[in-house]
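To start, the structure itself, in structure tokens.
Residue numbers (my numbering): 7 to 66.
Written out as structure tokens, the structure reads:
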């Protein structure tokens, strides 16, 4: 996730970090606020959507 914040992008895809895979797992959107370095902002409505079918569920 840190790579998304460093790039300063407000919305985009969440992809598998495995370089051999690279599958799209979902998306993110920082709507309603200003994204500031180290994720500090005065007002943020963060949205993360991970597709359940794209990840393995591990029950602990």
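The C-beta atom is built at its ideal place from N, Cα and C for all residues, glycine as well.
Within its chain, find whatever has a CB closer than 6 Å to the CB of residue 30; leave out the 5 residues flanking it on each side and keep chain order.
-> One-based indexing of the chain shown puts residue 30 at position 24. Excluding sequence neighbours, residue 30 sits near 19 and 21.
Taking residue 21 as part of the beta strand (DSSP E), name the residues at either end of that continuous run.
-> The count along the chain shown starts at 1 and reaches residue 21 at position 15. Run containing residue 21: 17–21, per the beta strand (DSSP E) assignment.
May I ask you to report which of helix, strand or coil DSSP gives residue 30?
-> Working through the chain shown from its first residue, we reach residue 30 at position 24. Looking at residue 30 - three-state DSSP - the assignment turns out to be strand.
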